[in-house]
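Student:
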Amino acid sequence: MIDAEAVAGGIAQLPCDVEPPVPGDKLHLVIWYKEEADAPIYSFDTRGRSNLEQGKHWQDISLDKRAFFRYTEHPAKLTLENVRESDAAVYRCRVDFKQSPTRNSKVNLTVIIPPEQLSILDEDGRTHIPYYVLGPYSEGASLNITCVAAGGRPQPRVTWWQENALLDDTYETVGTKRVRNVLRLEKLGREHLNTILTCQASNNNMVAPISSSVTLNMNLKPLWVRMQGENRPFSAGTTYEIGCEVVGARPTPKIIWSKGSTTLRNARHTMSPDNNVTTSILTFVPGIEDAGKFLSCHGSVPDIPDSEMEDGWKLDIHHEPVVTLELGSNLNLSAIREGIDVYFECNIKSNPWVYKVSWQHNGHPLYHNPATGTIISNQSLVLQSVTRSRAGIYTCIGSNQEGDGESNPLNLDIKFAPVCHHGQLKVFGVARQETTRIPCELEANPSEVSFTWKFNNTMEAVDIPQAHVTSERTRSTASYTPMTELDYGTLLCWGTNDQGTQSEPCVYHIVPAGHPDTPHNCSLLNQTTDSVYVECTEGFDGGLPQKFTIQVDREAGTSGAPSKPNTTVYNQTSKVPSFSLDGLEPGTSYDVYVYASNSKGRSERVHFRATTLNLPERRTDLKLTSPGFQTSESSDSGKRPKDAPKALPPAPSPPRKEPQSSKHNLLNNKDRIRRQAKQIRERQAQLPPPENCTIREESRTTVRVSCAESEYIDPRTATYVLQVYDAGTRRLLASTTSMTPSMLEITDLPAERSYSGLVLSLWIMTEHAMSDTTVLHSPHYVQEGKTPEHQRYPALTPVMLSLSGPLLGAVVGATAGLLLVIFVIVLAVRLRYRPRPQEDKDSHDDGGMANLAASGTGSSSPRDKSSTLPLNSDSIESFEKDPDIIPHANENSYAELCKGTSPRYVLHQPRTDPSTFTNVNNGSELTYAELSLRGNRRIPPNCYQPVQVSNIQRPQLLPMSTLTRRQPIQEPTIYAQVASHSKPIYVPPPHPYMSRGTDETTAETPLIGHDNKVTTNRRPLGGLPAMRSP
């Protein structure tokens, strides 16, 4: 008989040997019986089946389908699931074979019943333990805990465990089916905190024992209380955070902060993750009064008697000096007058002690200076023989490492007799029979002042009646009306208070009022592309407050756009004759007018011109390809120039396959094919330029170009590039790219550009190469032909390109050139000998010197007043006082001046490089010569001086600056600017790309050290030719 065990609710396995005893025999039938019953409970039938897998299973209904026979295991087993207590019995297994006799075996099944319940009781016998936590227990206490197991067959074992350690395995039976184990622990300590105690009950080894656990909680005293950091001096008024930690206390300790006998409550507490460290952070702002007090931290567990511990610091408080200022003990602050000595005492309380004591008067520092009556000694200040200037606020400042402590302000009030207040208006412009109010302001202490007014001229002194005077404290106003010329003079004002009478009166001058004088010495400073700074010197204000006005007008046709009438772009009024003009257009000339005005009228206007600088232009040569690439040109018809590189020849066709008669011929053919392939690759690496390019459409903002496709270029990798330049300025206007050459289009050309036409540059780019450039000129391109740049790219029109032969083209070109020469000659003759109108004879031009003087350029500094504007007719008299002005009464005097030995600007040697400029920055002085001409007499020819320039004799005219007199009966006066030194200065020719209007004349003068051009709109003086560069 075989014994088998199974736990109730588990699985029972009943073994049965089904192996045939004779090899080759076969299993037919297996039948299971339960003793005390003759009927089978389970069968496995394989009769009539070819293999065991086809066997038929059958079980009695009493098994509730819980049984299954596993014939594949060795030995075979009948398994019972969800074993019940009633399944305990002796089972018989009958095995029938095909040939061998039947075999019977028995199995005794024992069913084990595990414990049903496990209970843990505390010392009071209660079974309900909240959250399975015992305690808390204090250190040194004892613990008795009971575990009871109920049910189970056979009787279970009850044991106590701490983690994997067995604490107690003694148990006893209590009543029916109950087993108990009592655990006793003596002298609990800190190590028992959070100890887990587990009770187990088990009566077999097949299933895990049932268990129940509890956690032991403890109350612990603090191990220590400690303030964090070091005890260091504290600064008064500064916020500190001081920490105190309490370690090893349970539950959360109570932490109390105290300062002396005062409890501090501004603290917060934090716990460590293991609840072992409690930290209290105190926010503490020490004061001066806290010095020497004891700051302490107390930590305790309320549930444990005598568990309090503490730690603390003695406070050392550093603070800024506390300063108080007092007047000397024998001085009365309200009875201090000029001439007495005053002393102050500075009382200081400081930790640490001050390293410096300083004094201030009205916020300004005072220094030890016995010469001025200021004596500083330690914490005392003495002022000897004080005056009214010593009145004001006095403070004392003590300085230590914590900062500066300032004392209370002490106002020193010094009594004095009245004096005039500084900064008053002293001159009053008044018209006859006009009443004006003259204010008189005094300084006095006390401020109760009585006033006396008098009028004084060269004839008499008259008291002003009190009926015409109004007074209030230190201010008095007198009403005065001049009736005749004798009523102009001075008004005198006196004041008297209890300290005495004013020693010197306040004097006010009454003068006839009028309009202000014209501003003079106007200069242009800091000229940029969009701003100009104008500064003038103010003249006499006419006896009244004056203001200054500037008006800026844009000259017609100077901004690059079509001609427009003069428009005012700027108008501003200021109290001072200085103006900053912003927001101007680059390269534009403006008319500037400045005048002064007051309540009586305004002065005459000062007129001069100002020109903003041009924007920097980008000089771009038409050879737009990178170094190493040649440029090819093409007109809009697509024809290539004569010297353009030839197109690549067509790629060679692959070699024909021919019958090979020998191995030698086969090798020769392979070498020839390899050489041809190499040549093809080399030709493909050199991209041809775009061919047969034509301008399809052109407008002010749009240009469209198309080119022919090349058979040597892969359209999948090639990119066609088009760049458009202004033909006049060589400035890049726009660019575009395309993957196909049939249409390259730009639609955003700037409308504000020159009318010289366009220059189009086209080339092809791939990932590894770049072609030469093809250049097209637009049909509207203007061929000047006078500069190397224009000669380098002659204009090619479709008409000229369509000529069939070179002879016809040469004839047409010669004819056009001849007509152009004739037209220029006729135009020059007409302009030279055209009659002058009468009004033009009366007017004359300054030769551009006004602009040169106002621009502030050359050797003069921006504020050099020698570079001034032309004087007006009202200021001619001022030349009588100028030693640089040489008067000449007639034409002969002027001729003598021209014949004299005065130095002139000449060229000692011809220019070597036409692209270089000579800048002279020496301070040239200008000498003005006054000349008088009668009638329409012209300037004598001896004012011309031959100058050798490139082996060509050309007249060099001295620059002139002219003053206009409007009286028709008087003769015009001419002021010539004559150079005071003989250092040669080269005047460069005009830049070939400088734009000139059709009605403008460019005057260039060598008086300015660098290239400066002044544009005027009138003819030169007296019919003289305009100054031009040699």
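For the record, in the sequence shown the residue sitting at position 208 is 208 according to the UniProt record's numbering, with numbers rising by one throughout. Cβ coordinates follow ideal geometry from the N, Cα and C atoms, glycine included.
#1: Quickly, what does DSSP pair residue 15 with across the bridge? List them, please.
#2: Quick one: what's residue 98 bridged to in DSSP?
#3: Do the CB positions of residue 324 and residue 408 come within less than 9 Å of each other?
#4: Answer yes or no: do residue 341 and residue 386 have a C-beta to C-beta separation smaller than 9 Å?
#5: Indicate the three-state DSSP secondary structure (helix, strand or coil) for residue 816 in the structure shown.
#6: Can at least three beta-carbon pairs, one atom from the segment 172 to 179 and one from the segment 74 to 93, be found at a separation below 8 Å?
#7: Tell me which residues share the same chain as residue 804 and place their Cβ nearer than 8 Å to its Cβ, disregarding the 5 neighbours each side in the sequence.
#8: Out of curiosity, what's the CA-to-CA distance linking residue 736 and residue 745?
#9: Quick test of your reading: residue 741 and residue 709, contact by CB under 8 Å. State the CB separation rounded to the nearest angstrom.
#10: The beta strand (DSSP E) spanning residue 447 covers which residue range?
#11: Would the beta-carbon of residue 427 fall within 9 Å of that of residue 508?
#12: Who are the near neighbours of residue 155 in its chain, counting only those whose CB is closer than 7 Å to its CB and skipping five residues on each side?
#13: Are the segment 589 to 599 and the segment 534 to 544 touching, with three or more C-beta to C-beta distances below 8 Å?
#14: Mind checking which residues open and close the beta strand (DSSP E) that includes residue 54?
#15: Excluding the 5 residues flanking residue 17 on each side, which residues of the same chain have their C-beta closer than 6 Å to its C-beta?
#16: CA-CA distance, residue 734 and residue 580?
#17: If you count every other CB in all the chains shown that lies within 10 Å of the CB of residue 466, and 16 or more means buried, which is it?
#18: Excluding the 5 residues flanking residue 437 on each side, which residues of the same chain have their C-beta closer than 6 Å to its C-beta?
#19: Could you say which of 348, 429, 410 and 364 lies nearest to residue 400 if we only look at CA atoms?
#20: Apply the 10 Å Cβ neighbour rule to residue 431 and answer buried if 16 or more other Cβ atoms are within range, or exposed otherwise.
#21: Would you call the segment 354 to 362 in contact with the segment 434 to 450, where contact means no fewer than 3 C-beta pairs closer than 8 Å?
#22: Quick one: using the 10 Å Cβ neighbour count with 16 as the cut-off for buried, is residue 234 buried or exposed?
#23: Please return the same chain residues whose Cβ sits closer than 8 Å to the Cβ of residue 100, not counting the five positions on each side in sequence.
#24: Could you tell me which uninterrupted beta strand (DSSP E) segments, each at least 3 residues in length, are contained entirely in the segment 452 to 492, listed from first to last along the chain?
#25: Note down the Cα distance separating residue 1039 from residue 309, rounded to an integer number of angstroms.
#26: Is the separation between the beta-carbon of residue 217 and that of residue 292 shorter than 9 Å?
#27: Which value, in whole angstroms, describes the spacing of the CA atoms of residue 499 and residue 414?
#28: Do residue 545 and residue 598 have their beta-carbon atoms positioned less than 9 Å apart in this structure?
#29: Among the residues of its own chain, which have a CB less than 6 Å from the CB of residue 529, if the five just before and after it don't count?
#30: Grab the span of the beta strand (DSSP E) containing residue 34 for me, first residue to last.
#31: Measuring only the C-alpha atoms, how far is residue 1036 from residue 606?
#32: In angstroms with no decimal places, state the Cα-to-Cα distance between residue 512 and residue 456.
#33: If you reduce the DSSP assignment to three classes, tell me which class residue 898 lands in.
#34: Let me know if residue 370 comes out buried or exposed under the rule of 16 or more other beta-carbons within 10 Å of its beta-carbon.
#35: Suppose only complete runs of 3+ residues qualify. What are the beta strand (DSSP E) ranges in the UniProt domain "Ig-like" (321 to 413), listed by chain order?
#36: Looking at the strands, I want to know which residues DSSP matches up with residue 171.
Tutor: Taking the coordinates as given:
#1: By one-based count along the sequence shown, residue 15 stands at place 15. Residue 15 pairs with 77.
#2: As a working note, residue 98 is residue 98 in the sequence shown. Looking at the DSSP assignment, residue 98 forms no beta bridge with any residue, so it has no partner.
#3: Residue mapping note: residue 324 aligns to position 324 of the sequence shown, counting from 1. Residue mapping note: residue 408 aligns to position 408 of the sequence shown, counting from 1. Taking 9 Å as the Cβ cut-off, residue 324 and residue 408 qualify as a contacting pair.
#4: Residue 341 sits at position 341 when you count from the first residue of the sequence shown. Residue 386 sits at position 386 when you count from the first residue of the sequence shown. Yes, these two residues count as a Cβ contact at 9 Å.
#5: Indexing the sequence shown from 1 puts residue 816 at position 816. In the structure shown, residue 816 sits in a helix (DSSP, three-state: H, G or I).
#6: no
#7: For this step, residue 804 is matched to residue 804 along the sequence shown. In this prediction, residue 804 has a pLDDT of 44, which is less than 50 and means its spatial position is unreliable; what the coordinates show is noted afterwards. So no residue of the chain qualifies.
#8: Taking the sequence shown and counting its residues from 1, the one referred to as residue 736 is at position 736. Taking the sequence shown and counting its residues from 1, the one referred to as residue 745 is at position 745. One C-alpha to the other measures close to 7 Å.
#9: Translated into positions along the sequence shown, residue 741 becomes position 741. Translated into positions along the sequence shown, residue 709 becomes position 709. Contact holds; Cβ gap of about 6 Å.
#10: Start at 1 with the first residue of the sequence shown, and residue 447 comes out as number 447. Membership of residue 447 in any beta strand (DSSP E) is not indicated, and neither H nor E is assigned to it by DSSP.
#11: Residue mapping note: residue 427 aligns to position 427 of the sequence shown, counting from 1. Residue mapping note: residue 508 aligns to position 508 of the sequence shown, counting from 1. Closer than 9 Å, so yes.
#12: Within the sequence shown, the letter at position 155 stands for residue 155. Counting only Cβ-Cβ distances below 7 Å, and skipping sequence neighbours, we find 173, 179 and 203.
#13: yes
#14: Position 54 of the sequence shown, counting from 1, holds the residue named residue 54. No beta strand (DSSP E) contains residue 54, which DSSP labels as neither H nor E.
#15: Translated into the one-based positions of the sequence shown, residue 17 becomes position 17. Excluding sequence neighbours, residue 17 sits near 75.
#16: Here residue 734 corresponds to residue number 734 of the sequence shown, with the count starting at 1. Here residue 580 corresponds to residue number 580 of the sequence shown, with the count starting at 1. So the two alpha carbons sit approximately 36 Å from each other.
#17: Taking the first residue of the sequence shown as position 1, residue 466 is located at position 466. Exposed.
#18: Along the sequence shown, one-based indexing puts residue 437 at 437. 477 and 479, listed in sequence order.
#19: Walking along the sequence shown from the start, residue 400 turns up at place 400. For residue 400, the closest alpha carbon among the candidates 348, 429, 410 and 364 is that of 348.
#20: What you label residue 431 is simply residue 431 of the sequence shown in a count that begins at 1. Residue 431 counts as exposed, since fewer than 16 other beta carbons sit within 10 angstroms of its beta carbon.
#21: no
#22: The residue labelled residue 234 in the question sits at position 234 within the sequence shown. Buried: at least 16 other Cβ atoms inside 10 Å.
#23: The residue labelled residue 100 in the question sits at position 100 within the sequence shown. These residues qualify, in order along the chain: 20, 21, 22 and 25.
#24: Here the runs fully enclosed are 461 to 463, 469 to 472 and 475 to 480.
#25: No statement about residue 1039 is possible, as the shown extent of the chain runs from 1 to 1030 and does not include it.
#26: Position 217 of the sequence shown, counting from 1, holds the residue named residue 217. Position 292 of the sequence shown, counting from 1, holds the residue named residue 292. No, these two residues do not count as a Cβ contact at 9 Å.
#27: In the sequence shown, residue 499 corresponds to position 499, counting from 1. In the sequence shown, residue 414 corresponds to position 414, counting from 1. If I take the Cα positions, the gap works out to 11 Å.
#28: Locating residue 598 in the sequence shown gives position 598, where the first residue counts as 1. Locating residue 545 in the sequence shown gives position 545, where the first residue counts as 1. For residue 598 and residue 545, yes; Cβs fall inside 9 Å.
#29: Indexing the sequence shown from 1 puts residue 529 at position 529. Taken in chain order, the residues that qualify are 586, 612, 613 and 615.
#30: As a first step, residue 34 must be located in the sequence shown, where it is residue number 34. 27 to 34 is the extent of the beta strand (DSSP E) around residue 34.
#31: Since the first residue of the chain shown is 1 and the last is 1030, residue 1036 is not available in this structure.
#32: Looking up residue 512 in the sequence shown gives position 512. Looking up residue 456 in the sequence shown gives position 456. So the alpha carbons of these two residues sit roughly 16 Å apart.
#33: Along the sequence shown, one-based indexing puts residue 898 at 898. Residue placement at residue 898 is flagged as unreliable, the pLDDT there being 42, under the threshold of 50; the coordinate-derived value follows with that caveat. Looking at residue 898 - three-state DSSP - the assignment turns out to be helix.
#34: Within the sequence shown, residue 370 is the residue found at index 370, counting from 1. It is exposed - the Cβ of residue 370 has fewer than 16 other Cβ atoms within 10 Å.
#35: Here the runs fully enclosed are 342 to 351, 356 to 361, 364 to 366, 374 to 377, 380 to 383, 392 to 400, 403 to 406 and 410 to 412.
#36: Along the sequence shown, read from residue 1 onward, the residue named residue 171 stands at position 171. Per DSSP, none; premise fails for residue 171.
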